[in-house]
Amino acid sequence: MQNAKDTFYLTLRDRLAALNPGRTVQVRGALRPAIVVAENELEQDDAALLEAFVLTWKITTIDSTEPRGLCAAVCEIGYATRGTPESSGLDRGRVLDAMDAELRSILQPGNVLKRRFDASPSIAMATQIFWSAPTFNAANLDANRIRRTATVTLFALQEAGEA
50 MQNAKDTFYL
60 TLRDRLAALN
70 PGRTVQVRGA
80 LRPAIVVAEN
90 ELEQDDAALL
100 EAFVLTWKIT
110 TIDSTEPRGL
120 CAAVCEIGYA
130 TRGTPESSGL
140 DRGRVLDAMD
150 AELRSILQPG
160 NVLKRRFDAS
170 PSIAMATQIF
180 WSAPTFNAAN
190 LDANRIRRTA
200 TVTLFALQEA
210 GEA
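Counting with the working numbering, you get residues 50 to 212 for the letters of the sequence shown.
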């Protein structure tokens, strides 16, 4: 399932960079598109990841009745904003709505060719990964921030040589 997760993350990262090149985040001194995988990063100060999409992998299952093994992994995508300084944060809801729209956009289309990233350049695999439409949870106010999580389920067939 790691190849599917890596493919999903890098697809969303590249789509975000194309859609909104200005949405960036600084992680470990490097400026990059504002999408990170929580399990791959050192612990970050919450403020450091404002205006960023943070992917957290939850439950993973395998349907062994499928000859190739259909894997599913739930991905929670969290994001938050304080709004813009020009509006003293009074536009938090509008900024969150804009992030909702960006997320919906980068999740479309909901499939892509699976790749292996343990070699450089990456290697195209034989199957596609695909994912569900996002389910958006209610926004939560937290001090001077507004937060939301959305959930998608990623699906992939296991290929020869994958664990």
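The C-beta atom is built at its ideal place from N, Cα and C for all residues, glycine as well.
No experiment lies behind these values; they were computed from the predicted model shown.
Checklist entry - Quick one, which of F57, F166, P82, M50 has its alpha-carbon nearest V201's? => result Taking the first residue of the sequence shown as position 1, residue 201 is located at position 152. Comparing Cα-Cα distances from V201 to each of F57, F166, P82, M50, the minimum goes to F57.
Checklist entry - On the three-state DSSP scale, how would you describe N69? => result Numbered from its first residue, the sequence shown carries residue 69 at position 20. Here N69 sits in coil by DSSP.
Checklist entry - Can you pull the DSSP bridge partners for N189? => result As a working mapping, residue 189 is identified with position 140 in the sequence shown. Beta-bridge pairing links N189 to R196.
Next on the checklist: For R164, report the span of its beta strand (DSSP E) as first-last.
Outcome noted: Here residue 164 refers to the residue found at position 115 when the sequence shown is read from its first residue. Here the beta strand (DSSP E) through R164 covers 160 to 165.
Item to check | Pick from T114, F179, N69, I195 that is closest to L139, judged by C-alpha positions | outcome: Translated into positions along the sequence shown, residue 139 becomes position 90. The shortest C-alpha separation from L139 is found at I195.
Next on the checklist: Checking 8 Å against the spacing of the C-beta atoms, do T105 and A122 come in under that value?
Outcome noted: Here residue 105 refers to the residue found at position 56 of the sequence shown. Here residue 122 refers to the residue found at position 73 of the sequence shown. No; because the gap between Cβ atoms is not below 8 Å, this pair is not in contact.
Checklist entry - Once you ignore the five residues that flank R81 on each side, which residues in its own chain have a CB closer than 7 Å to its CB? => result Mapped onto the sequence shown, residue 81 falls at position 32. The answer, listed in chain order, is T73, V74.
Checklist entry - Under 8 Å, do L206 and L119 count as touching if we go by C-beta distance? => result Within the sequence shown, residue 206 is the residue found at index 157, counting from 1. Within the sequence shown, residue 119 is the residue found at index 70, counting from 1. Yes, they are a contact pair.
Item to check | Status (buried if at least 16 other CB within 10 Å, exposed otherwise) for R153 | outcome: The residue given as residue 153 occupies position 104 in the sequence shown. It counts as exposed.
Checklist entry - Near S171, which residues of its chain fall below 7 Å by C-beta distance, leaving aside the five closest residues on each side in sequence? => result By one-based count along the sequence shown, residue 171 stands at place 122. Counting only Cβ-Cβ distances below 7 Å, and skipping sequence neighbours, we find R164, R165.
Checklist entry - Under the three-state reduction of DSSP, which class applies to A150: helix, strand or coil? => result Here residue 150 corresponds to residue number 101 of the sequence shown, with the count starting at 1. Of the three classes helix, strand and coil, the one that applies to A150 here is helix, per DSSP.
Checklist entry - For E151, is the classification buried or exposed, using 16 other Cβ atoms within 10 angstroms of its Cβ as the cut-off for buried? => result Start at 1 with the first residue of the sequence shown, and residue 151 comes out as number 102. The residue is buried, with at least 16 neighbouring Cβ atoms inside 10 Å.
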